[in-house]
Each structure stands twice: as C-alpha cells, then as structure tokens.
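S.K.: With full-length UniProt numbering as the guide, the letters of the sequence shown map in order to residues 1 to 317.
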Amino acid sequence: MSKKAMYLLGILLTILIGTYFYWKLCCNECCNDDATKAGSKKEKSLNEKVNSKVSTEKATSNAFALSDAESGFGYSSNDNFNFDTNGFAILDPVASSIDTGLVKLKSFLDSNVDKTIDITGHYTSTETNNSAYPNLGLARANAVKNYMVSNGINSRQINTMSNLNDTLIPDGTIYKGPVTYSFTTVTDDLAQKAADNLAAIKVRLNASPLTLYFNTGEASIDLTTEQRQIIADLSKYLDKVPSSKLSIVGHTDNTGSRATNIQLGQGRADFAKKYFINNGISEAKIETSSRGPDTPVTTNDTEIGRSKNRRTVVSLN
C-alpha cells in the first residue's frame with residue numbers, strides 16, 4: 001500500500017473514531033440534559049397545580065347569624081367572633097356589628113324568658129387543646145358566652161356546646177367564626193330536666209370534689225379527660241345558679257411550720273383560682289382558702305403520702 005493510501009486511511013479512521021466518541025459522550029449528555037429539563041418542567045407543573053389547589057381553598061367564614069323561626073327574631077352580620085388555631089380566646093377587635101346584634105339579642109331574651117340561645121363552638125381534630133374544657137369547641141363557646149354576659153345577657157339563658165368539624169379551613173392561622181347559634185324554647189319538661197341535671201352536678205361534685213396535684217408556679221395544670229368534664233360541669237352550674245360559688249382550698253404536708261404551710265396552701269389555691277379565671281370562670285364566683293397541714297388524707301411519714309397531701313380541692317358552695 002502506498003504512503004498516500006495509508007495517509008488517507010489514517011485520516012478516515014480518525015474521523016470515524018472522533019465521530020463515535022462525540023456521539024457517545026456529547027449526545028448522551030444532551031439527551032440526559034433534555035430529559036432532566038423535561039422532568040423538571042413536569043415536576044414544576046405538578047407543584048404549580050398543587051399550590052394552586054391549596055391557594056384557592058377558601059377559608060371558612062361563618063356569619064354572626066341569629067334566627068328564631070318560631071318568634072321571627074333575626075339578626076345577621078358577616079362578622080363573627082374569631083379565634084387563633086389551637087386557641088380559645090376571642091381575638092380583638094370584635095366588630096361593632098356584633099355588639100349591635102347583642103343589644104338586639106338582649107332585648108329579645110329579656111322579653112322572652114322561655115328562650116335560650118345555644119352557642120356551638122367548632123373545633124378540628126388536629127388542634128391542640130390547652131384549655132380546661134373537654135375540647136376547644138366548648139372552650140370557644142364559653143368565651144363567647146362570657147362576652148355575651150359582659151354585654152348584659154343573662155347566663156341562665158345561654159347554653160354552650162361543641163362540634164368536631166374537620167371541614168374548618170383557617171385563614172392563615174385564624175379561624176373566622178368557628179361558632180354558630182340557635183334558639184330553644186324551654187318547656188316545663190326541659191326546665192325540670194335542667195334543674196335535675198344541676199342538682200345532680202352539685203351532689204356528684206361535693207361527694208367527690210375535684211382534686212388537683214401540681215407545683216405552685218406551673219403555667220398550666222395537666223388535666224385528665226374526667227377532670228375536664230368536671231370543670232365543664234362546674235362552669236355550667238355557676239352560670240345557672242346565681243347564688244353558687246366555687247370553693248378552692250389549698251392543702252400541704254406537715255413539712256415545715258404550720259404558718260409557712262398555711263401560706264403555701266393559700267398560694268396553691270390562688271394559683272388554681274387564676275387558672276379557672278383564665279378559662280372563663282368569673283372571679284366573683286370563686287372563693288379561696290388554705291388549711292395547710294391540718295387535714296391530711298393520708299400519712300405524712302412517706303414521700304408518697306406527703307405528695308398526696310399536697311393538693312388543692314375544688315367544690316361547690
């Protein structure tokens with residue numbers, strides 16, 4: 001083979017080898033890059049659809065709507081009481097239209113003593129209940145009840161209840177109007193059942209008072225489900241029986257002087273009082289005292305016994 005032929009063959013082989021490696025390396029990278037871009041576009045499109053769905057989900061907003069079909073009474077405002085998620089304190093400011101409605105409601109109830117307004121507080125299963133009540137719905141209803149009472153409405157004509165409602169959608173971190181309203185006409189039968197229920201509450205709670213164990217200075221009290229229901233019953237009784245009072249008595253073990261323990265017991269009672277006030281029970285309805293080490297429920301000779309004697313007892317007067 002001549003030198004010229006060999007030279008041409010070398011050039012041809014160089015071209016072929018170069019073409020092969022260009023296709024193997026560069027084109028595959030381009031293809032992969034295109035595939036990555038296509039995947040990114042698809043993911044972006046999917047995220048946009050999801051975000052669009054979330055952003056277009058309309059927040060729940062219940063009106064302050066009062067309506068009694070039997071009497072024809074009615075009032076409505078687009079505003080209502082608002083609450084933080086996981087919260088039971090009414091958010092300020094309260095719309096003036098609500099206060100206007102409460103003036104009309106008071107006049108209606110004063111003229112119709114056989115009527116009650118029933119407040120239903122709504123809550124979701126994902127919320128954390130930091131109130132003293134069985135659930136945030138009842139705590140919210142009680143907050144609205146207290147606002148109505150502060151505007152002159154008789155607490156004996158207000159009932160509170162709750163409803164688990166997982167369809168509630170917050171506006172950011174705020175639930176707009178998670179409370180609804182209805183009316184009841186109190187018949188003789190209903191009045192008797194209510195009276196019997198109140199009498200049963202007093203007998204039950206005084207036979208087995210609410211006993212709390214906690215350290216003075218704690219920000220909250222860890223309550224059982226049963227204790228939360230007891231507090232709900234206490235609140236109801238105090239609302240419905242004008243002369244009723246909540247008695248809170250602090251007790252201690254016998255460590256230290258009696259004078260010091262009397263002060264310590266009073267501190268425990270006062271802490272419990274503050275806790276109840278923060279949960280919507282009127283300060284005027286609460287009496288506190290201390291018995292210090294004078295009435296132990298068990299021996300003070302052991303640490304377990306002493307811990308049981310360090311207690312606060314809540315009952316009805």
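Every residue gets a Cβ at the ideal spot worked out from N, C-alpha and C, and that includes glycine.
Just so it is clear, the structure is predicted and the values come from calculations on it, not from any experiment.
List the endpoints of the continuous alpha helix (DSSP H) containing Asn163.
M.R.: Reading the sequence shown from its first residue, position 163 is the one you call residue 163. Careful: Asn163 lies outside any alpha helix (DSSP H), inside the beta strand (DSSP E) at 158 to 164.
S.K.: Nearest-angstrom Cα distance between Ala132 and Tyr275?
M.R.: As a position in the sequence shown, residue 132 is number 132, starting the count at 1. As a position in the sequence shown, residue 275 is number 275, starting the count at 1. Whole-angstrom Cα-Cα distance: 9 Å.
S.K.: In angstroms with no decimal places, state the Cα-to-Cα distance between Ile158 and Ala89.
M.R.: Locating residue 158 in the sequence shown gives position 158, where the first residue counts as 1. Locating residue 89 in the sequence shown gives position 89, where the first residue counts as 1. Ile158 and Ala89: Cα-Cα distance of roughly 18 Å.
S.K.: Could you name the residues of the same chain whose beta carbon sits closer than 6 Å to that of Glu75, not counting the 5 residues immediately before and after it, in chain order?
M.R.: Walking along the sequence shown from the start, residue 75 turns up at place 75. A small fix is needed here, since residue 75 is Tyr in this sequence, not Glu. So the list reads Leu66, Gly101, Lys104, once near-sequence residues are dropped.
S.K.: Would you mind reading off the limits of the alpha helix (DSSP H) that contains Val103?
M.R.: Position 103 of the sequence shown, counted from the start, is the residue given in the question as residue 103. Here the alpha helix (DSSP H) through Val103 covers 96 to 111.
S.K.: With contact counted as at least three CB pairs below 8 Å, one residue from each stretch, are the stretch 176 to 184 and the stretch 224 to 240 in contact?
M.R.: Touching, no.
S.K.: Taking just the CA atoms, how far does Thr299 sit from Lys106?
M.R.: Numbered from its first residue, the sequence shown carries residue 106 at position 106. Numbered from its first residue, the sequence shown carries residue 299 at position 299. If I take the Cα positions, the gap works out to 54 Å.
S.K.: Does Glu57 come out as helix, strand or coil in the three-state DSSP assignment?
M.R.: As a position in the sequence shown, residue 57 is number 57, starting the count at 1. Residue state, collapsed to three classes: coil.
S.K.: On the premise that Val314 lies in contact with residue 334, defined as a C-beta separation below 8 Å, what is that separation, rounded to the nearest angstrom?
M.R.: Summary: the structure shown does not reach residue 334, with the chain confined to residues 1 through 317, and so no result is reported for it.
S.K.: Between the stretch 280 to 298 and the stretch 191 to 209, are three or more C-beta pairs nearer than 8 Å?
M.R.: No: fewer than three Cβ pairs fall under 8 Å.
S.K.: Among Glu287, Asp114, Gly121, which has the Cα closest to the Cα of Asn86?
M.R.: One-based indexing of the sequence shown puts residue 86 at position 86. Per the Cα distances, Gly121.
S.K.: What residue from Thr211, Asn254, Ser235, Gly292 has the CA that sits closest to Glu283's CA?
M.R.: In the sequence shown, counting from the first residue as 1, residue 283 sits at position 283. For Glu283, the nearest C-alpha among the options comes from Ser235.
S.K.: Buried or exposed: Ala269, going by 16 or more other Cβ atoms within 10 Å of its Cβ?
M.R.: Reading the sequence shown from its first residue, position 269 is the one you call residue 269. Ala269 is buried by the Cβ-count criterion.
S.K.: Suppose the cutoff is 6 Å on Cβ atoms and the five residues either side in sequence are ignored; what does the same chain contact list for Thr124 look like?
M.R.: The residue given as residue 124 occupies position 124 in the sequence shown. Here the set comprises Asp166, Leu168.
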